[in-house]
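K.L.:
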Amino acid sequence: MRRAVLLAGIFLGASGVRAQQEVVPMTFDQALQATLNSNETLQQAVLQKQEAEAEWKAVRTLRLPQLSIKANYLLLSDDITIDMHGVKDAITPLYGAMAEYGMFSGVPNPDPATSAVMPVLPDDVSTQVVRQQLSDGLLKVENGEWDKLIQQSQFGTVSAGVTWPLFTGGKINAAHAAARIRISEAAQVERQKTGELMSQLVERYFGLALALEAEQVRSEVLDAMAAHLSDAEKLYEEGMLAKAELLHAQVYHAQADREYKQSVRKRRVLNEALANTMAESPEIHYQPLTALFFNNNIESVDFFKQQAQASNPLLQQVGAKQQLAKQAARVERSGLLPTVAAFGNYNLANVDLSPNVSDYMAGLTLSWKIFGGTSARHKYQSARFVEDRVEQAWSKASRDLSTAIEKHHQEIQMILEQLHELLLPKPLPMSTSGCVRKPLTKAWLPVRK
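Here the sequence shown stands for residues -19 to -1, 1 to 430, numbered as in mature numbering (1 follows the signal peptide of the UniProt record, and there is no 0).
#1: Buried or exposed for Glu313, going by 16 or more other Cβ atoms inside 10 Å?
#2: Give me, in chain order, the residues of the same chain whose beta-carbon lies closer than 7 Å to that of Asp104; leave out the 5 immediate sequence neighbours on both sides.
#3: Measure from the alpha carbon of residue 497 to the alpha carbon of each residue in Gln236, Tyr327 and Asn154, then state which is nearest.
#4: Please work out which residues of its chain come closer than 6 Å, Cβ to Cβ, to Val5, disregarding the five sequence neighbours upstream and downstream, and give them in chain order.
#5: Only counting the same chain, and skipping five residues up and downstream in sequence, which positions put a Cβ closer than 6 Å to that of Arg163?
#6: What span of residues does the beta strand (DSSP E) with Leu56 cover, start to end?
#7: Should Val143 and Ala52 be called a contact, given that it needs their Cβ atoms to be closer than 8 Å?
#8: Starting from Pro89, trace the alpha helix (DSSP H) in both directions and tell me its first and last residue.
#9: Which residue's Cα is closest to the Cα of Trp145: Val98, Leu48, Asn276 and Gln109?
#10: Does the region 189 to 203 come into contact with the region 245 to 252, if we say contact requires no fewer than three beta-carbon pairs (one atom in each stretch) closer than 8 Å?
#11: From Gly220 to Ala208, what does the alpha carbon distance come to, in whole angstroms?
#12: If you check the beta carbons only, do Val88 and Ser116 fall under 8 Å apart?
#13: Do you know how far the Cα of Met84 is from the Cα of Thr95?
#14: Do Arg185 and Thr271 count as a contact pair if the criterion is CB distance below 8 Å?
#15: Ignore the nearest five residues each way along the sequence and tell me which others in residue 433's own chain have a CB closer than 8 Å to its CB.
#16: Taking its Cβ as the centre, do 16 or more other Cβ atoms sit within 10 Å of Ser339, making it buried, or is it exposed?
#17: Please report the distance separating the alpha-carbon of His389 from that of Arg380.
#18: Go ahead and pull the three-state DSSP assignment for Pro294.
#19: Which term fits Gln298, buried or exposed, when burial requires 16 or more other beta carbons within 10 angstroms of its beta carbon?
#20: Sort out for me which residues DSSP pairs Val143 with in a bridge.
#21: Can you give the Cα-Cα distance for Ile131 and Gly316, rounded to whole angstroms?
#22: Is there contact between the region 315 to 329 and the region 347 to 360, where contact requires at least three CB pairs shorter than 8 Å?
#23: Measuring CB to CB, does Asn20 end up less than 8 Å from Ala167?
#24: Taking DSSP's pairing of strands, which residues face Asp64 in a bridge?
#25: Mapping DSSP to helix, strand and coil, what is Ser19?
#26: Tell me the DSSP bridge mates of Gln113?
#27: For a quick check, are the C-beta atoms of Gln378 and Leu296 less than 8 Å apart?
#28: Could you check how far apart the C-beta atoms of Ala160 and Val40 are, in whole angstroms? I think they sit under 8 Å.
#29: Determine the burial state of Met342: buried for a count of at least 16 other Cβ atoms within 10 Å of its Cβ, exposed for fewer.
#30: Please classify Lys242 as buried or exposed, where buried requires at least 16 neighbouring CB atoms within 10 angstroms.
#31: Apart from the five residues just before and just after Tyr54, which ones in its own chain have a Cβ nearer than 7 Å to its Cβ?
#32: With a threshold of 7 Å on Cβ separation, who are the neighbours of Phe285 within its own chain once the five nearest residues in sequence on each side are excluded?
#33: Using the beta-carbon count (16 or more within 10 Å), is Glu123 buried or exposed?
#34: One question on the structure: do Ala306 and Glu240 come within less than 8 Å of each other, judged by their Cβ atoms?
#35: On the three-state DSSP scale, how would you describe Gln2?
#36: Helix, strand or coil for Glu36 per DSSP?
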């Protein structure tokens, strides 16, 4: 039993040392750096900006020619042929009639030995020679293939193609502009998230510092109330204090104990909240080193309004949405205009492709949708309505921002007035008798606080 108690004591002692070692002193700058490096919300904003930059790089290639390699293998229902029997039927009677009844003359003498003496064959010989040639031609016509094969039913090709957009009605320019706007919008989102995290960090870091001080004050108040209660109990036992005064002392001690426990819970919650903001382990206990302070010199409300109108990230995001709406309207308007592109194709290899097909081709293509149910026109009108709606949203956001600045500026001024009032010296309550009295008991707690 003693051994178990000893081991438990050693374990609890080691745990206490380890818990003490987990207290991490940290300045506000260190907390801010940890937040900017590790917080997932900010990392998401950074990735969003990188995504927009990658999209812009992809959009930049839209103006460049697009080169592709394509392989096709086709199966047709039948071979592609040309039926030329009509030509055969037209020329066969002519060949037959001329070969049998034709009379010819003036045929050159093919014999070099006699061509000088008789350069032209006699008419009967000329007729015989030409009729023989016509008979041979008629035989070839009758035995010829008059179903000409143009392309076999199965063939394949491997070709390289290029397409170069020359005019798209402004669609590519709008895509370029929209991609750049999205980069700017993502940068403003990053600024917004950074500002929100800084505000959250200030609230939680200095809130923890204040909670630690409050816990210390509550502990001192509890100790004082415990001593006060002990004195009251002793005086009551000696018959020098009324029962009502003892009950007052017990009530104030219970109140001090309750407020101390509340301060401990609040400090733990703020410590965990600070760890969450910095994306660190909640098991670590942080000790803020940067002292609490306040700025006594606050600029006028007009200064903050001008700064917000010029660089507020939320307002800048609404402005980016407005510009994106304009580019979307340009894209829809491009649907009303023609598109022009240059194209080319070259056959690299083929299987059973007709030799009558050209190895390459190049040209220009124009496409203009003349009628599509007026959908393009209505889409353009819808995009313009979106543009007007975003413009109205920007005006509303601008007014709301000015109102919020006015409200927060007034709150800051009220807080500064309260701080100045609290910093004014106040007389401490004094006891004029050696006995514990109700007025002294009531005054002691706020003084300790």
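We treat Cβ as the ideally placed atom computed from N, Cα and C, and that holds for glycine.
P.N.:
In this structure, then:
#1: Classification for Glu313: buried.
#2: The residues are Ser86.
#3: In the structure as shown, the chain starts at -19 and stops at 430, and residue 497 therefore has no counterpart that could be examined.
#4: The answer, listed in chain order, is Ile265 and Tyr267.
#5: If the five residues before and after Arg163 are omitted, its C-beta is found closer than 6 Å to the C-beta atoms of Ala33, all from its own chain and listed in chain order.
#6: Gln47 to Leu56 is the span of the beta strand (DSSP E), which, as asked, contains Leu56.
#7: Result no, Cβ atoms of Val143 and Ala52 do not sit closer than 8 Å.
#8: Where Pro89 is concerned, there is no enclosing alpha helix (DSSP H), given that its DSSP letter is neither H nor E.
#9: Comparing Cα positions, the closest option is Leu48.
#10: Counting C-beta pairs with one atom in each stretch, the region 189 to 203 and the region 245 to 252 have three or more that are closer than 8 Å, which means they touch.
#11: Ala208 has its alpha-carbon roughly 18 Å from the corresponding atom of Gly220.
#12: At least 8 Å separates the beta-carbon of Val88 from that of Ser116.
#13: The alpha-carbon atoms of Thr95 and Met84 are separated by roughly 23 Å.
#14: Using a Cβ distance threshold of 8 Å, Thr271 and Arg185 do not count as a contacting pair.
#15: Residue 433 lies beyond the range of the chain shown here (-19 to 430); nothing can be said about it.
#16: Of the other Cβ atoms in all chains shown, fewer than 16 fall within 10 Å of the Cβ of Ser339; this residue is therefore exposed.
#17: Approximately 14 Å between the Cα atoms of the pair.
#18: Pro294 carries a helical assignment under DSSP once its states are collapsed to helix, strand and coil.
#19: Around the Cβ of Gln298, a 10 Å sphere holds 16 or more other Cβ atoms; the residue is buried.
#20: DSSP lists Leu48 and Gly325 as the beta-bridge partner residues of Val143.
#21: Taking the CA atoms as reference points, Ile131 sits about 41 Å from Gly316.
#22: Segment contact: the region 315 to 329 against the region 347 to 360, three or more CB-CB distances shorter than 8 Å; contact assigned.
#23: Going by C-beta atoms, Asn20 is not nearer than 8 Å to Ala167.
#24: For Asp64, the pairing in a beta bridge is given by DSSP as Asp128.
#25: Note: Ser19 maps to helix in three-state DSSP.
#26: DSSP output for Gln113 lists no bridge partner at all.
#27: This sequence places Ala at residue 378; Gln is not what is there. Yes. Within cutoff.
#28: Between Val40 and Ala160 the Cβ distance is about 4 Å, and since that is below 8 Å, they are a contact.
#29: Met342 should be labelled exposed.
#30: Under this definition Lys242 is an exposed residue.
#31: Gly137.
#32: Only Ile386 and His390 meet the Cβ criterion.
#33: Taking all protein chains in view, the Cβ of Glu123 is surrounded by fewer than 16 other Cβ atoms within 10 Å, so the residue is classified as exposed.
#34: Going by C-beta atoms, Ala306 is not nearer than 8 Å to Glu240.
#35: Caution applies to Gln2, whose pLDDT of 46 falls short of 50 and renders its modelled position unreliable; the model cannot decide the point.
#36: Reduced to three states, the DSSP call for Glu36 is helix.
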